[in-house]
Each structure stands twice: as structure tokens, then as C-alpha cells.
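Beneath this line is the structure, given in C-alpha cells, with notes to follow.
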Amino acid sequence: MTVYDGERRRHFDERDGLVWNDTNQNAFWADADGSVWIGTSRGASRVRLRETLFEPRELEGPRLVISSLRIGGQRYQPDPTSPLHSERATSPC
């Protein structure tokens, strides 16, 4: 999704909190509270606080470290191709 305020353009994607990087044609709703709803192929995203749209990105989530995982009492080691094992999921703290 790209937003233009008459002077600046800003592109939004998953890094900004959208459910997915595509948008569906005509899947946009301006809500009475100033927020907007954007429909994607994976669901709807709500963008709030119109005045903050052009501020720098600050959406890095909290760090999470899983030191071990047990399923049914058995230690589980994710396969390197598992979604539990990725650069995003295992980035250093």
C-alpha cells in the first residue's frame, strides 16, 4: 500500500504491520474515527493514527528467545526448513 499526502509518498508492507503485502481492488474503508481498513488476500488490516503515517518505522517487535521446546513431554528440535527456524525467528538479541 502506498500513501501520498500531497508532498510525500510512503510504502507500507508487512514490516509496518499489514497482514500481507498485497491489497485487494476496492478493499478500502475510511472509518469515522480516522482509521482506514485495507483488505488483503490474507485478511483485513487496520491503519490507525493518520498523523503518524509518515513518522519513521518503529515497529520492531519485542525480542523473543525460545531456549527449548517440548511437545508431549518430548524435546523438539525444529528442522532447518521449519517456520520455527528462520532468520526472523532466530535473529540474535
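In the working numbering, the protein residues as written are 54 to 146. Virtual Cβ for every residue (Gly too), placed ideally from N, Cα, C.
query: In terms of alpha-carbon separation, which member of Val72, Trp73 and Ala97 lies closest to alanine 83?
result: The sequence position of residue 83 within the sequence shown is 30, counting from 1. For alanine 83, the nearest C-alpha among the options comes from Ala97.
message: Using only CA atoms, which one of Arg99, Gly59, Arg128 and Ser121 lies nearest to glycine 70?
response: Counted from its first residue, the sequence shown places residue 70 at position 17. Here the closest residue by C-alpha is Arg99.
task: Indicate the three-state DSSP secondary structure (helix, strand or coil) for arginine 68 in the structure shown.
output: Taking the sequence shown and counting its residues from 1, the one referred to as residue 68 is at position 15. Helix at arginine 68.
- prompt: Does the Cβ-Cβ distance between asparagine 77 and glycine 92 come in under 8 Å?
  reply: Taking the first residue of the sequence shown as position 1, residue 77 is located at position 24. Taking the first residue of the sequence shown as position 1, residue 92 is located at position 39. Closer than 8 Å, so yes.
- prompt: serine 121: beta carbon under 7 Å from a heavy atom of the ligand FAD?
  reply: This structure lacks the ligand FAD; in fact it carries no ligand of any kind.
message: Beta-carbon within less than 6 Å of alanine 80's beta-carbon, same chain only, minus the 5 sequence neighbours each way: which residues are those?
response: Position 27 of the sequence shown, counted from the start, is the residue given in the question as residue 80. Cβ neighbours of alanine 80 within its own chain (closer than 6 Å, five residues either side excluded): Gly92.
query: Where does glutamine 127 sit, in a helix, a strand or coil, going by DSSP?
result: By one-based count along the sequence shown, residue 127 stands at place 74. In this structure, glutamine 127 counts as strand in the three-state DSSP scheme.
task: Return the chain-ordered list of same chain residues with a C-beta closer than 7 Å to the C-beta of arginine 101, the five sequence neighbours on each side being excluded.
output: Position 48 of the sequence shown, counted from the start, is the residue given in the question as residue 101. Excluding residues up to 5 positions away in sequence, Ser88 lie with their Cβ nearer than 7 Å to the Cβ of arginine 101 in the same chain.
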